[in-house]
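Read top to bottom, the protein sequences are chains A and B.
Here the first sequence is numbered in the working numbering, starting from 1084 and rising by one per residue.
Here the second sequence is numbered in the working numbering, starting from 18 and rising by one per residue.
Backbone N, C-alpha and C fix where the C-beta goes; we use that ideal spot for every residue, glycine too.
Keep in mind it's a predicted model, so treat the numbers as computed, not measured.
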Amino acid sequence: MRVEFLWWEGCPSHPEALAELRDVLRSENLDPDLVERREIATDEQAARERFPGSPTILIDGEDVVAPDDGEPFSLTCRVYRLRDGRYSATPDADVLRAAVRRAKENR
Amino acid sequence: MTLAIREKAPEFTLPDTDGRHHSLPVGQVTAVIFTCNHCPYALAWHDRILRVARDYDDVRFFAINPNDAERYPGDSYEAMRERVERDGGWPLPYLHDESQDVARAYGAKTTPHIFVIDTDGAVRYAGAPDADHRDPSLDAVWLREALDAVRAGEEPARAETEPVGCSVKWRQ
């Protein structure tokens, strides 16, 4: 399984998001160190990597939360919604877990 | 550099989403809140801040969006107007700091970044609404405590906290 963590230094949520992602991997009996971290530092890189904001988590190349159509690729904090509708700067841990399980089943 | 506690708050005059201009009042406790449309932290704290604005009717509140709308179109004046209209109005004016001069004068770092100003025009609290953008039960308690103290003519027990949120998007 390939787990990519794309982040931008200008948004403070990335340490918390990375810790939550590693917790989920650990809870699914996967190695938390398999996360590939990739910093996005310029608008050009954001466009090239199709980076809708920080943090963005890809599992086997698929975004764990599909961005809206037309969402621009730029250096910004990404807006997530938790399952109860609250806004959050990090994805819902249950959504991460579901994405990891899907990827495990598809292997 | 962010304004220090007890430093004089810079005056400003900025347009709201209806085109009306607002200035920092004289002789009234005021909360100046730098915020924006596109940041998850600002969005998460938004309802809590609105509740505070409704609860303290003797305090003037201003939300100010300082972000560069060229790089972040979601923070354009038009997008601000649409948001307020979609919400059916806000209990505080949402001001557009197009030049970014006001944000620069206050030393705003993030959205949100809050400044509570006393009746003499001095900054008495600067920082975040509360400790966790993901926990609505905190109810912007740091802002409320600061307002309670300043309205009572007392020193806020917690005069400064670390602002947490998206960096202000300065023009490049």
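Does DSSP put residue i in a helix, in a strand, or in coil?
i	result
A:R1166	coil
B:I66	helix
A:H1097	helix
B:R121	helix
B:R77	strand
B:P46	Here residue 46 of chain B is Val; the residue named in the question, Pro, does not match the sequence. In the structure shown, B:V46 sits in coil (DSSP, three-state: anything other than H, G, I, E or B).
A:E1087	strand
A:D1146	strand
A:P1115	helix
A:E1103	helix
Starting from residue i, trace the alpha helix (DSSP H) both ways and give me its first and last residue.
i	result
A:P1135	Run containing A:P1135: none; DSSP gives neither H nor E here.
B:L160	V158 to R168
A:A1172	That residue, A:A1172, is in no alpha helix (DSSP H); it is neither H nor E in DSSP.
A:L1043	With chain A covering 1084 to 1190 only, the question about residue 1043 of chain A has no answer from this structure.
Return the first residue and the last residue of the beta strand (DSSP E) that residue i is part of.
i	result
B:A143	V140 to G144
A:V1118	V1118 to E1122
B:Y111	Y111 to H113
What does residue i reach in chain A if we use C-beta pairs closer than 8 Å?
i	result
B:Y89	S1157 and T1159
B:A148	Here the premise fails: no neighbours, minimum Cβ distance about 13 Å.
B:A181	Before going on, a small fix: residue 181 of chain B reads as Val here, not Ala. Within 8 Å Cβ-Cβ: P1095.
Give me the chain A residues within the contact set of residue i, using Cβ-Cβ distance strictly less than 7 Å, ordered along the chain.
i	result
B:A61	R1169, Y1170 and S1171
B:R151	R1169 and S1171
Residue i versus chain A: which residues are under 9 Å apart at the beta carbon?
i	result
B:S184	G1093, C1094, P1095 and C1160
What is the C-beta distance between residue i and residue j, in whole angstroms, given that I count them as a contact (C-beta under 8 Å)?
i	j	result
B:V49	B:R168	About 16 Å; that fails the 8 Å criterion.
B:T128	B:Y58	7 Å
B:I131	B:L160	6 Å
Taking Cβ-Cβ distances below 8 Å as the criterion, which residues of the stretch 39-57 of chain B are in contact with chain A? H55, C56 and P57
Any residues in the stretch 1093-1104 of chain A with a beta carbon nearer than 9 Å to a beta carbon of chain B? Which ones, in chain order? G1093, C1094, P1095 and S1096
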